[in-house]
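Taking it in order: structure first as structure tokens, then the write-up.
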Amino acid sequence: MGIAQNWRLRSQRYGLVGEVCDDCGEKIFPPRDVCPYCTQPAQTPFQFSGRGEVFSHTTIYNPPTGYEEFVPYTVALVKLEEGPLVTAQLTDVDPEEVNIGQPVEMVTRKIREDGPEGLIMYGYKFRPRLQEV
Amino acid sequence: MNHTKDGSVLNSLMRPSTPVGIVGYGAYVPRYRLPATEVARVWRGGEGGLPVTEKAVPGPDEDTLTIALEAARNALARAQIDPHLIGAVWVGSESHPYAVKPTSTIVAEAIGATPHTEAADWQFACKAGTETIQAGMGFVASGMARYALGIGADTAQGRPGDALEYTAAAGGAAYLIGPVDQSLAVFEASFSYVTDTPDFWRRPYMHYPSHGQRFTGEPAYFHHVTSAGKHLMEQMGRTAADFSYVVVHQPNAKFPQRAAKMLGFKPEQWAVGLLCPVVGNTYAGASMLGLAAILDQAQPGDTILAISFGSGAGSDAFALRVTELITERQGLAPKTADYVARRTVIDYATYVRYRKKLSMQ
Amino acid sequence: MRDVSIIGIGQTPVGEHWDRSLRHLAYDAVAAAMQDAGVQRADALYVGNMLSGEISGQSHLGPLIADFAGLRGIEAVKIEGACGSGAAAVRMGYLAVASGLQDIAICAGVEKMTDDVGNRLTGGLAQAADADYEVIHGISFVALNALLMRRYLYEYKVRHEDFAGFSINAHANAVGNPNAMFRRPITAEAFKKAAMVADPINLLDSSPMADGAAAVILCPTERAGEFTNNAVRIAASAMATDSLSIHDRYDPLWLQAAQDSAQRAYRQAGVGPDDIHLFELHDAFTIMAAMSLEASGFAERGKGWQLAVNGDIRPGGRLPVCTMGGLKARGHPVGATGVYQIVEAAQQLRGEAGDCQIPNARLAMAQNIGGSGSTIVTHILEGR
């Protein structure tokens, strides 16, 4: 894992910090330099609530290198309540309990470890909503 | 009670010159539970007494950082303050994910408190968390920080087959210390009692802790917990009857009840904060999680005595008075009971896998 | 711009070539294509490949393949567009010849996958997706397609077994293709019972990873007669892109790049979907086949699967697809696949498809998809 490659993404990884387009008002995640909707520069940070619902999901039994210890794990497209779709793992849920439309909330969990001596990478995942606060 | 060299009594209560309190608190307990019967099944042929009913086990993607972070986010949800105003982020644990590299900077970054904040990891076995609260009281009362975040969290490891394997659990709680006018509970006083008592330890590079068996009882746990509680109450001129609730460090179901009884408390005072039977010993999180469970139910005017214990050994005691603000803050984040109720039972094999007790080499 | 034709084709059987390396496989295909065209030299070589760096530890394929094919010194470069690398290489050769800058261009695709068949291969394939926002979450390439398929089944209220026809057709067609990896038919029952890979995608939804290489030789149509009397004209060549990640698509269930590249190709060729006699589509997974048919104008949105149910895609149907087995049964050597599709379409148009021959085929379309729909290259070929 590239140290700098992951480090520079820490605020968005830990807590879903994206952007809002000053021009068209769209909320953007992942953050980028140009608004994908109106192609104007977009660089104002925006903190997403972390709430959304499952748009689609699948369960992985044959993982890429580095993810073996979590198998089987569920990955999903999550539709955030502010608009964007996000690709992320679901956690604290059995694969058969997942449904399209299920309300989920963001948590920060271990994404992977670079072996026993390497860095631990943390980032957003989603779990079934604990409660309606 | 301590005496100075000339024999006069020393009042050693810790009471900040400016009153401070808890502005927000948050709990976290992982989803998985290992019944104590599973440990007994595998290691004792199903025989022998069980120190708890079940314990909370972290999922494969959880560690002390993720636990501390969720507890911290819950504390912030209740406090409703700008995280940039937090002047200290402190995490106490005996299971920090890194031996070198702070847990606290990751928490601080993730909650948006960086970069103008102090951050550090604390270590004192199971009382590493309450130390951060005491230090936070001083930090805020002195004006060095507007708010200080103190967290106790652990993913404790018990050696397979050892008595500790029944209880060594995962969980944590976070407390945001701040000005008294914003507090949902005010610190009336605190007290610390420490000696050099080697009841439990872990040397560097060792995976599992060692302990002194029965030596962990009277000279260690009971002596320090009751001494801290007794001195705090005596110096405040209080008795057990003056408190609505009590919570003490809970390494198993029996110890905290006996210690509370020795201090003059009754079961109805300790019942709410006694989580160990259903979540196990969450180490640095244990007394703080019990306190969170009490705050979840407390009413304005309630008084709480909280006493931690850390091997090696020492206890921190706190006297708290709940304010009017408690009512509006309780519902702003998940309650301790919500996490306790969210439970998925696993067997010993799954536990062994999740806790990386299987050697893959 | 000059008109461009294919004057030679070559391919290796798709499979596990334990005794042949990346460079040797590429040589086999290039040499076969040069022999087919009757050329000894070429001006340029474009090598489509995705995983050589990750799996074989070998980047910089242009000079390597040129040298080992006896073409040291010519312009040569690797073209990478994930699973769309092959057709992208053909597209680059097309541009070079059409522009008048090169006369004889070799477009090869090669993939050596069996040098690592473990989790590293899974990780390498996933590099077709967004490293920072998809791959980091432990997603595999199959899983990305599974996310699309699950949503498709949900939104269009389709059953998984309605996709069986794509795989049954591909396997039935591969029986007649000596270069195909799986030359045996499968049943609807087998499709239903196949082992789950990433729910809802099972083993028989998925194309097999394998080694392979294919090549075509391009030259200006005006010169094609010097080499062959069976040249296949490239009536259209078009490439379009979409966001790399699925979550950034305006409509995740719509292959916008397929629509864009197909529409450009139709315009260039002056034809429409109804004029196409056969379609080599990118059935890496059955869901991609359905979505490709929809975006390319052969079916309405959400109804691409119906062509598999009603038999339209079979030989003799309205639009035969994957006539030599497709990715599903011929096999999917990722960076070579796009060239295989064009070689097979040329075989059909030359009347050399053997047992797979579609009678009277004159206009064939090939569509190669990179990633989850991020790079899509559409070619329309015309026979004599």
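Chains as they are written, first to last, in the numbering used here: chain A, 1 to 133; chain B, 1001 to 1361; chain C, 2001 to 2384. Ideal Cβ placement from N, Cα and C applies to all residues, glycine included.
Notebook entry, point to check: Across which residues does DSSP place B:Glu1211 in a beta bridge pair?
Noted result: Correcting the residue identity first, residue 1211 of chain B is His in this sequence and not Glu. According to DSSP, which records beta bridges pairwise, B:His1211 is partnered with B:Phe1200.
Check: Using a Cβ-Cβ cut-off of 6 Å (strictly less than) and excluding sequence neighbours within five positions of C:Gly2311, which residues of its own chain qualify?
Finding: For C:Gly2311, where only same-chain residues beyond five positions count, the Cβ hits under 6 Å are Gly2317.
Check: Are C:Gly2081 and C:Gly2370 close, meaning C-beta to C-beta below 9 Å?
Finding: Yes, the pair counts as a contact, with Cβ atoms nearer than the cut-off.
Margin query: Out of A:Thr74, A:Val78, A:Arg127, which one is the CA nearest neighbour of C:His2247?
Written below: Selected option, being the one with the closest Cα: A:Val78.
Next item on the list: Name the two residues that bound the continuous beta strand (DSSP E) containing C:Asp2032.
Entry: Reading off the sequence, residue 2032 of chain C comes out as Ala, not Asp. Where C:Ala2032 is concerned, there is no enclosing beta strand (DSSP E), although the alpha helix (DSSP H) it sits in stretches over 2022 to 2037.
Checklist line | Backbone CA spacing between B:Phe1309 and B:Ile1326 [nearest angstrom] | finding: If you take the alpha carbons of B:Phe1309 and B:Ile1326, they lie about 26 Å apart.
Notebook entry, point to check: Is the Cβ of C:Thr2122 closer than 9 Å to any Cβ of chain A?
Noted result: Chain A contact via Cβ: present.
Margin query: Please classify B:Val1039 as buried or exposed, where buried requires at least 16 other C-beta atoms within 10 Å of its C-beta.
Written below: Burial state of B:Val1039 is buried, judged by a 10 Å Cβ sphere holding 16 or more other Cβ atoms.
Check: Under a three-way DSSP split, which group does A:Arg127 fall into?
Finding: Annotated three-state conformation of A:Arg127 is strand, per DSSP.
Checklist line | Proximal chain C residues relative to A:Pro103, where beta-carbon distance stays under 7 Å | finding: Near A:Pro103 there are no residues of chain C at all, since even the closest Cβ is about 16 Å away, more than 7 Å.
Notebook entry, point to check: Rounded to a whole number of angstroms, what is the C-alpha to C-alpha distance between B:Gln1269 and B:Arg1329?
Noted result: If you take the alpha carbons of B:Gln1269 and B:Arg1329, they lie about 22 Å apart.
Notebook entry, point to check: Is the region 69 to 85 of chain A touching the region 94 to 112 of chain A, taking contact as three or more C-beta pairs under 8 Å?
Noted result: Output reads yes: the region 94 to 112 of chain A touches the region 69 to 85 of chain A.
Check: For B:His1224, which of B:Gln1134, B:Met1014, B:Leu1295, B:Lys1127 has the nearest alpha-carbon?
Finding: Cα-wise, what sits closest to B:His1224 is B:Lys1127.
Notebook entry, point to check: Would a C-beta distance cut-off of 9 Å place C:Ile2287 and C:Asp2355 closer than the cut-off?
Noted result: No, the pair does not count as a contact, with Cβ atoms beyond the cut-off.
Notebook entry, point to check: Leaving out five residues before and five after A:Thr59 in sequence, what residues of the same chain have Cβ atoms less than 6 Å from its Cβ?
Noted result: Within the same chain, A:Thr59 has close Cβ partners Pro72, Thr74, Pro95.
Note to self: Report the CB separation of C:Gly2338 from C:Ala2143 in whole angstroms; it is logged as a contact under 8 Å.
What the structure shows: With a beta-carbon spacing of about 23 Å, C:Gly2338 and C:Ala2143 fall beyond the 8 Å limit used to define contacts.
Check: Among A:Phe46, A:Ile3, A:Arg8, A:Glu81, which one has its Cα closest to the Cα of A:Gly101?
Finding: Comparing alpha-carbon positions, the option among A:Phe46, A:Ile3, A:Arg8, A:Glu81 lying closest to A:Gly101 turns out to be A:Glu81.
Note to self: For C:Arg2159, count the other beta carbons within 10 Å of its own beta carbon; 16 or more makes it buried, fewer makes it exposed. Which is it?
What the structure shows: With fewer than 16 Cβ atoms within 10 Å of its Cβ, C:Arg2159 is classed as exposed.
Next item on the list: Within the same chain, show all residues whose beta-carbon is closer than 8 Å to that of B:Trp1043, passing over the 5 residues directly before and after it, in chain order.
Entry: Within the same chain, B:Trp1043 has close Cβ partners Pro1160, Gly1161, Glu1165.
Margin query: Along the region 58 to 80 of chain A, where does the CB come closer than 7 Å to a CB of chain B? Name the residues.
Written below: Those residues of the region 58 to 80 of chain A that come within reach of chain B (Cβ to Cβ, closer than 7 Å) are Glu69, Phe70.
Item checked: Interface partners of C:Ala2198 on chain A, CB under 9 Å -> Think of a sphere of 9 Å around the beta carbon of C:Ala2198: the chain A residues whose beta carbon falls inside it are Thr58, Thr59, Ile60, Tyr61, Asn62, Val75, in chain order.
Notebook entry, point to check: Is the CB-CB distance between B:Ala1284 and B:Glu1094 below 9 Å?
Noted result: Yes.
Check: Hey, is A:Val133's beta-carbon within less than 9 Å of any beta-carbon in chain B?
Finding: Confidence is the limiting factor: at A:Val133 the pLDDT is only 41, short of 50, which leaves the residue's position unreliable and the question unanswerable from this model.
Next item on the list: Can you tell me which of the three DSSP states A:Trp7 falls into?
Entry: It is helical.
Check: Of all Cβ atoms in chain B, is any one closer than 9 Å to the Cβ of A:Ile100?
Finding: Closer than 9 Å: no.
Notebook entry, point to check: Which one of C:Asp2162, C:Thr2323, C:Val2030 has the shortest CA to CA distance from C:Ala2353?
Noted result: Residue C:Thr2323 is the option with its Cα nearest to C:Ala2353.
Item checked: CB contact check: B:Met1001 to chain A, cutoff 9 Å -> Low confidence applies to B:Met1001: its pLDDT is 48, below 50, so where it sits in the model is not reliable, and the reading given next is rough at best. Residue-level contact by beta carbon fails for B:Met1001 and chain A, as no gap is shorter than 9 Å.
Next item on the list: Quick one: which residues of the region 1317 to 1340 of chain B get their C-beta closer than 8 Å to a C-beta of chain A? List them in chain order.
Entry: Taking 8 Å as the Cβ-Cβ cut-off, the region 1317 to 1340 of chain B approaches chain A at Gly1331, Leu1332, Ala1333, Pro1334, Asp1338, Tyr1339, given in chain order.
Check: Quick one: what's got a C-beta closer than 8 Å to A:Val133's C-beta in the same chain, skipping five residues either side?
Finding: For A:Val133, the pLDDT reaches just 41, beneath the cut-off of 50, and the residue's location in the model is therefore unreliable, although a value from the coordinates is still provided. Correct list: empty, nothing qualifies.
Next item on the list: Identify the contact partners of C:Asp2132 in chain A, using a Cβ-Cβ distance below 8 Å as the criterion.
Entry: Against chain A, the beta carbon of C:Asp2132 has neighbours under 8 Å at Gln5, Leu9, Pro30, listed in chain order.
Notebook entry, point to check: Since B:Pro1030 contacts A:Gln131 with CB under 8 Å, what's their CB separation in whole angstroms?
Noted result: Not really, about 16 Å apart at Cβ, beyond 8 Å.
Margin query: On a Cα-Cα basis, can you pick out the residue from C:Leu2022, C:Leu2095, C:Ala2289 that is closest to C:Pro2333?
Written below: Of the candidates C:Leu2022, C:Leu2095, C:Ala2289, the one whose C-alpha sits nearest the C-alpha of C:Pro2333 is C:Leu2022.
Notebook entry, point to check: Is it the case that the Cβ atoms of B:Val1322 and B:Asp1296 are separated by a distance below 9 Å?
Noted result: Contact flag unset, no.
Next item on the list: Taking only beta-carbon positions, decide if B:Ala1396 is within less than 9 Å of chain A.
Entry: With chain B represented from 1001 up to 1361, any question about residue 1396 of chain B goes unanswered, as that position is not in the structure.
Notebook entry, point to check: Listing by chain order, which chain B residues have their CB less than 9 Å from the CB of A:Leu130?
Noted result: Simply Pro1334, Asp1338, Tyr1339, Arg1342.
Margin query: Quick check: what's the CA-CA separation for B:Met1001 versus B:Ala1110?
Written below: Unreliable positioning characterises B:Met1001 in this predicted model, as indicated by a pLDDT of 48, which lies under 50. A coordinate reading is not provided.
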